[in-house]
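Chains as they are written, first to last, in the numbering used here: chain A, 1 to 585; chain B, 586 to 1170; chain C, 1171 to 1460; chain D, 1461 to 1750.
C-beta atoms are modelled at their ideal positions from N, C-alpha and C, and glycine is treated no differently.
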Amino acid sequence: MGSEGMPRPPAKILADLSVMIGGQGGDGTLTVSDLLGRYFRKIGLYVYTSRNVLSRIRGGHADASVRASIHPTAAVKPEVDVLLAFDEEAANLGSKELGPEGVIIYDSSVFTLSLPNSYGFPFATLVGGQVGQPIYKNTAAYGAVSVLLGMDEPLTRGVIEERFQRRGAEALQKNLKALEIGRRAAFGVPEIPGHWGVQHGEAHDQILSIGNQAVALGFVVGGGRFFSGYPITPATEIMEYLQKYLPPFHGVVRQAEDELAAINNVIGAAYAGARVMTSTSGPGLSLMTEGIGHAGAAEIPVVVADCQRVGPSTGEPTRHEQSDLAHLAHLGHGEYPRFIIAPGTVLECFELTVEALNLAEKWRLPVILLLDQALCQNTVTSPPFDAAKVKVERGQILVAEQIAKMMEYKAYKLTETGISPYVPPGTPGVWAEITGNEHDEWGHVSVAVPNRVQMMQKRMGKMVKAQNDLPKGNFFGPADAKIGIIGFGSTTGPIWEAQELLNGKRVATRFYQPRTLFPILVHEVDPFLKSVDICYVVEHNYSGQFANLLREAVPWHHQKIKSVVKYDGHTFRALELVRAITGGA
Amino acid sequence: MGSEGMPRPPAKILADLSVMIGGQGGDGTLTVSDLLGRYFRKIGLYVYTSRNVLSRIRGGHADASVRASIHPTAAVKPEVDVLLAFDEEAANLGSKELGPEGVIIYDSSVFTLSLPNSYGFPFATLVGGQVGQPIYKNTAAYGAVSVLLGMDEPLTRGVIEERFQRRGAEALQKNLKALEIGRRAAFGVPEIPGHWGVQHGEAHDQILSIGNQAVALGFVVGGGRFFSGYPITPATEIMEYLQKYLPPFHGVVRQAEDELAAINNVIGAAYAGARVMTSTSGPGLSLMTEGIGHAGAAEIPVVVADCQRVGPSTGEPTRHEQSDLAHLAHLGHGEYPRFIIAPGTVLECFELTVEALNLAEKWRLPVILLLDQALCQNTVTSPPFDAAKVKVERGQILVAEQIAKMMEYKAYKLTETGISPYVPPGTPGVWAEITGNEHDEWGHVSVAVPNRVQMMQKRMGKMVKAQNDLPKGNFFGPADAKIGIIGFGSTTGPIWEAQELLNGKRVATRFYQPRTLFPILVHEVDPFLKSVDICYVVEHNYSGQFANLLREAVPWHHQKIKSVVKYDGHTFRALELVRAITGGA
Amino acid sequence: MVQSAKPVQPIWCPGCGDFGVLAAVKKAANELKIPQHELALVGGIGCSGSIHNFLEVNGIHALHGRLLAQALGVKLANPQLTVVAAGGDGDGYAIGMGHFIHAFKKNASIVYLVMNNETYGLTKGQASPTSRIGFEGNIEHPFDAILTSLSIPVPNFIARTFSGDPRMMTAILIEALQFTRAHRGFAFIEDLSPCVTYNDTYKLWREKVQDVSKLQGYDPTDRQVMFRLCQETREKGKIPIGVMHRPSESETEEVGLEKVLLPDDLGPARADISIEGNLAGYTKLLRAVT
Amino acid sequence: MVQSAKPVQPIWCPGCGDFGVLAAVKKAANELKIPQHELALVGGIGCSGSIHNFLEVNGIHALHGRLLAQALGVKLANPQLTVVAAGGDGDGYAIGMGHFIHAFKKNASIVYLVMNNETYGLTKGQASPTSRIGFEGNIEHPFDAILTSLSIPVPNFIARTFSGDPRMMTAILIEALQFTRAHRGFAFIEDLSPCVTYNDTYKLWREKVQDVSKLQGYDPTDRQVMFRLCQETREKGKIPIGVMHRPSESETEEVGLEKVLLPDDLGPARADISIEGNLAGYTKLLRAVT
Ligand SMILES: Cc1ncc(C[n+]2csc(CCOP(=O)(O)OP(=O)(O)O)c2C)c(N)n1
Ligand SMILES: Cc1ncc(C[n+]2csc(CCOP(=O)(O)OP(=O)(O)O)c2C)c(N)n1
Ligand code: SF4
Ligand code: SF4
Ligand SMILES: [Mg+2]
Ligand SMILES: [Mg+2]
């Protein structure tokens, strides 16, 4: 429609829409997606934004997309409704994802397009002329989109004010002017104003956040007080948020000289009695291998958040993958216990960070918080985080009165659970030896055979004894469905959507989202696999790493386990999953 | 006998004997075992010596044992025949392993013993008085043992001359004097001289070596020319041998500032076209994690020898374990191909080091040479290494004429095999980009989706395509046996011996010694597991790491797979295996 | 009283220089009356790094080369602890070099004690970064940690001692402990600690050590002067010992990293982390996310 | 001729200081007529480290902080190559600090070019070891790589340049390349290379740079003098640039590590490794094991 210039039928009201913004790095695509996300959230919609940028500061293709829906969503919409393109490459790439009724708005000061439903506006030229700086073209484009979608004008402005007021009055004024320019231009083309409408939603209690922020907040509220890290995409934001959040609570954040320092800094601080975390991504994680093993051997509670990106090696720093799992499950020379827990939503990022801190201290071992780029960096609406619901459980850290009653303090006392009560240094009247060498109960180096066997059993036994204490998985869909799906981390969003699409095709599925990935919770997995005829294990890596862990843990189910993998740096689309499961279009 | 002072029956001639020497670090136990090993080898016996020392330079309990047999052996003898004890702790520990007819010889200047068949000589006092330095007491004790076993006097001396002549005339003279003192003392006790005899053997073609030496020699003969490493027990000898061996062949050995440098040094040298290796043990291996991944991503052929010791963390530096396998199979963030190959004998250490170099260059990826402390450091007789049998296969390294015919040189050219022909820098007329970032065929950074998928398939596909090129396993025992045994590395020796013991009990077993541990060679494992009813997977770790890899690779055989593990720092004794397999004494 | 871990017998060879350091640590801690539970000793990996096993204090055996990184975490988590990191020259100047240089820069109030024997003792005598040319095939110029530490523009305490001179060693260690206990920043002491088994330099060093305070122009507040004096002493074939940098009170009044970050002294390990105790603050923090 | 990898468009922001370095490398290589196939450029990880992608030479993208370790391997494997390592200040002085200090000590004839922008460009502007106090919350004194490199007692070539002064930069780079191509040892150049996006210091640095050769007493053969001059210049709020250490010919005649180890120049990568070519030697070697 549109381009014919004929009177239009009343605007279609969208209840689930997707806007994709593409251009060169530095064109401000992320800003537009952020502004739209804020707007949609304010009208009560559920919002999900994702990004697709290069590992460079300026230039190169970058895009972002915003989805807004009256239903909760944490996945990219299969088809794009509005494509905003700042250059030709963005138009070409984006138009492949455009739905049949989709509209393209583009910057005609840069290129021209002859596709149907495409409207060019010379944003850069207009803004360059009237504001003086063409870089505000993105705000003008946001204005044009706001007209296209019949967005409320004061609210459209309000979102800009909210975002830019910190940058000072001048920046704000320029943005508002650019907005006006964009809106005016859009009103000049008859097909644009109110082309579509956007349904308002009910989700007014939601916040808009990213996994990295939720992890940082979970760390603070969970009692985390010492953090050391080294910048690396896509983990850096955790450190940056904590630099703001922690100091008022007597917390310390250090940017270390490298990841070897970071992990050893947190080991030292945990030894001293603080709740600690470090965060990193693939290359940094590999460098932490020795340190994490030290925490395992010496029984020092550390939390390591791994924000997975595309590997191996430097790989694709800004892209999405879930390929560190196998590495983490077997991390380090020798054998020591560890838990790997994986949140699937932003709220779970908050909750499981707390849980990771609790588990690490209760069981005195390293806990890996396994994240992925999409979960870490994609903005999504979430129920707000509630500090009052948080429980800080420190396990057996002994205080003065308890110590006074003791005859002796052995840092590695053999106990039923394998957990030795701990007394941090600085506690009057006691001290201890802590070491990553094999040691006796006192922490003295020992190679005695019976001691070695006992100490290995003490440590490794924790992975069995803790099973009921570890985060339980979530189950979605009817319990009697014969098709099973397993997925973790950010695949939850696309899997939910695929379940709905399959429901529409009368294909019932049951989705098990494990939140403890290692050790495999056999008491959860085994009945689940028993209950289904076939199970698709959905993950972002080449080898089917979680499927492999399942084969190892419950080999008797091996015939039911089917891997569905993707390793091209992009998140699953629900339709891909539907195709994989139905075996066709 | 003996202590009764009665006329003895004619001396029993031993065809398989074991001497254990125990004392404090610095007492010279390793020297005695070395001298005895040399002697027994000279009379044509097969020899196996093992050690049991602490991670400290002097003091603390240390012991060593020598086995000599007319049959090939690479395992500790179940029962000790002669115990030589320099202190009480050694006498107590050692007497537990003593056979019913075993004899104890001890240093009575330090302690006294009232056990039967024990004979004290004041070695330290005697030597201190007559040689002036009590440290030569170990040579005196060797002398006493030589009398006990009726050893040939000139040969007994000859071994000392061989070993000490490099140390200068004075040291040699003192040792010879100490020998005389020991012999004279022993002759003074009627029960000692010729108490036993030692049968001469036929194994005159054998050499006496350790795995670390064989690896170093294999490296040189296999064309290895650049080595960088960092000292760590039990790997250091590889570097030390190479410091002697490599320079005459235009080779370079560097002691790096740490393991991060070591692995990156060899990456640089391999990039430049040299055949390279580094060697390390657990803690160093963990530090090399990122580097090995870089070699995998950038397709740079490096060989990493991992001399496994007791983990996790600093663990027990001088003790034996095989617990890095799971780590190595999943090493590093992201996914890249690697081969893990594991020699089971000293000769195989030589041969498979060559093979590792060939495989790394042919397939252009990291190859792990998986060793263990017992294999690395225990002396054993072996067929000599033969350079003429060695094949140096460099794969597709292009030379000038080939290049001249090419239109273009792409370092990451997509090919059928996944192998891209390589041109090292310095070759006239061509150059290339090499990177651990995801890249296109030219080595340019790329995040394009189809390229990413192709490059992952190119790299990961090597693990499938190379299967027939990888070292084949060895099989021992009747093909129709229904009891299977799997074991790798130094467990081969004890397993052979267990097989013989079981044969004696009419229990037929078939032993599969895989020499490629990763990827699992399904074409070998599957028929083997099909052929047996049950299979014991014997390994030195807690989790049954190889058994787990098998469950993952051939889950349909999971019911047949039984783990037999030991993780106390000591090698399996054949009897333990027999018990595990027969399920009783 | 509660029984805590007892010290074990030193694993060192008789005559090892590290015995001198052990004695000095005991003496200094006694003299300063540092309560045992407040002293945390972070050991490296090497013969030297096991020193904490022979003392009745809090001891943590770090990884090879990572002792300073762990010590930093200990100090920042609980600034009230007196933190001493102690290890070898291989540990500190080879694998640990990165953290070593950064420790001066970060300036947490830790005493770092390097027992320099110019070899890797525990792995049986290979060349270390401080080994002389020719030792075990070494072809690299020896690293001089004092010269390099003088090049880092931060007011740290820097000294070199000799195990053969226990008086000076103890006095300097006491000064370093006082420096860090006053939160004045990082204190580095390199102790010349001969390895009698693999590199017995007792006699040589006894002849070569030169007390810098006896040199003309000695001024430990001036880096340039000390840089020159140390270099000249080396050129004369001598090894300078003594205090090489003693920053003035005005430069260092409580500039230790832990004081800068936690002026109220209530660090991560001792903060109240209960939900009740923080609910108001947490609620405000979480409400800001919209 | 065979088509090799073509350079790609620089990914740098317009105006980035690294363009100056790129231009200087091209110019220097041209001037010295270094055949393209003989130049091997080892890049770090960071904006700066991608420089080899924009040149037609052998390029290897190392790991973050490991470029010197890889460069060492390249040079020792094939001493005929002209090896240049190039990366950022984060790469070199944070994660790479250990290898950095050891590179001086090892003294392989490699040119190491640090593009110091006093920030982590590629990860969006965090403080680096050279950042001034206050930059992005930095509380640590900035590291001065020149002072520290002057403290290491090995005759290396040491210089600092400024991207805003391309003439000096090119001239010094040429000298450094000549130094390493003559196997005289390690050559270190820190280039002040502003990050216009996160830390635009062009103006500031243009005002602050001080050509040391203009200072009274300038003597680049004398470390003590240069240490003093550099420190004094810093104290005056200036940044010294120029050649800081130029060892004399007699000190450095072919002392590059690769020459010491491989005097015949036939290194690991070019040695004959065929069995036939070595059988006699191998047989002798193996026969010695009995
Ligand atoms: C990562 C790692 N690499 C290597 C080792 C082996 N190792 C143990 S101690 C040591 C060197 C000891 O030398 P130094 O630090 O000088 O201490 P010293 O024994 O001389 O006191 C080495 C290399 C290790 N434990 N960890
Ligand atoms: C082991 C590791 N840690 C962290 C990173 C992330 N990272 C990439 S570039 C960079 C810093 C870049 O700063 P610098 O070296 O100064 O280079 P610049 O971009 O400023 O030129 C970091 C931390 C990484 N790639 N690898
Ligand atoms: S080997 Fe050397 S450093 Fe180690 S304890 Fe013995 S004398 Fe001391
Ligand atoms: S971010 Fe800074 S360092 Fe990186 S390219 Fe841009 S200007 Fe250069
Ligand atoms: Mg040392
Ligand atoms: Mg930088």
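beta-carbon T1289 (chain C) near ligand 5 non-hydrogen atom, thresh 7 Å: Correct: T1289 (chain C) has its Cβ closer than 7 Å to ligand 5.
Contact the region 1582-1595 of chain D vs the region 871-880 of chain B: 3+ CB pairs below 8 Å: no
Closest Cα partner of A235 (chain A) within the set A:A141, A:F111, A:A374 and A:V302: A:A374
Residues from the region 218-238 of chain A in contact with chain D, defined by Cβ distance under 9 Å: Y230, P231, I232, T233 and T236
Any non-hydrogen atom of ligand 3 closer than 7 Å to W1182 (chain C) Cβ: yes
Reference F804 (chain B); option with closest CA among B:V732, B:L937 and B:K1057: B:L937
CA-to-CA distance, V1195 (chain C) to K1245 (chain C), given in whole angstroms: 19 Å
Minimum Cβ-Cβ distance from M605 (chain B) to chain E less than 8 Å: No chain E appears in this structure, whose protein chains are A, B, C and D.
Delimiting residues of the beta strand (DSSP E) encompassing A890 (chain B): V888 to V895
Within 7 Å of chain B by C-beta, residues of the region 1461-1474 of chain D in sequence order: M1461, V1462, Q1463, S1464, A1465 and V1468
Check whether V53 (chain A) and G26 (chain A) have beta carbons under 8 Å apart: no
Three-state secondary structure assigned by DSSP to K1147 (chain B): strand
Close-in-space but distant-in-sequence residues of the same chain around T1657 (chain D) (CB under 8 Å, 5 per side omitted): C1473, C1476, G1581 and G1585
Alpha helix (DSSP H) segments (min. 4 residues) lying fully within the region 422-474 of chain A: 449-465
Exposure of M1171 (chain C), with buried meaning 16 or more beta-carbon neighbours within 10 Å: exposed
Assigned secondary structure, I731 (chain B) (DSSP; H/G/I helix, E/B strand, else coil): Per the sequence presented here, residue 731 (chain B) reads as Ser, with Ile not at that position. DSSP places S731 (chain B) in helix when its eight states are reduced to three.
Under 8 Å between C-beta atoms of I1342 (chain C) and I1359 (chain C): yes
Interface residues of chain C facing Q213 (chain A) [CB-CB closer than 8 Å]: V1459
C-beta contact flag for I341 (chain A) and E355 (chain A) at 8 Å: yes
Test: P283 (chain A) CB closer than 8 Å to a CB of chain B: Judged by the 8 Å Cβ criterion, P283 (chain A) is in contact with chain B.
Distance cut-off 7 Å: T1654 (chain D) Cβ against heavy atoms of ligand 2: Residue 1654 (chain D) is actually Pro in this sequence, not Thr. Result no, Cβ not under 7 Å from ligand 2.
Three-state secondary structure assigned by DSSP to I766 (chain B): helix
Chain-ordered chain C contacts of T899 (chain B) [CB-CB under 8 Å]: Within chain C, the C-beta atoms nearer than 8 Å to that of T899 (chain B) come from I1215, H1231, L1233 and H1234, in chain order.
Residues from the region 39-59 of chain A in contact with chain D, defined by Cβ distance under 9 Å: L54, S55, R56, I57, R58 and G59
Three-state secondary structure (DSSP) of M1 (chain A): Residue confidence is low: M1 (chain A) scores 35 on pLDDT, short of 50, so the model does not pin down where it sits. Its coordinate-derived value is still stated next. Three-state result, M1 (chain A): coil.
Three CB pairs or more closer than 8 Å across the region 1699-1710 of chain D and the region 1730-1747 of chain D: no
Heavy atom of ligand 5 within 7 Å of S1301 (chain C) beta-carbon: At a threshold of 7 Å, S1301 (chain C) does not count as near ligand 5, since its beta carbon sits no closer than that to any of the ligand's heavy atoms.
Chain B within 8 Å of P428 (chain A), Cβ atoms only: Not a single C-beta of chain B is nearer than 8 Å to the C-beta of P428 (chain A).
CB contact below 8 Å: Q1394 (chain C) versus chain A: no
Those residues which DSSP pairs with A1159 (chain B) across a bridge: In the DSSP output, where bridge partners are listed per residue, A1159 (chain B) has none listed.
Cβ shell of Y48 (chain A) (< 6 Å), same chain only, five flanking positions each side left out: R67, T73, A74 and V380
Proximal residues of chain B, C-beta to C-beta of D568 (chain A) below 7 Å: V1034, R1037 and V1038
Heavy atom of ligand 5 within 7 Å of S1005 (chain B) beta-carbon: No, ligand 5 has no heavy atom inside 7 Å of this Cβ.
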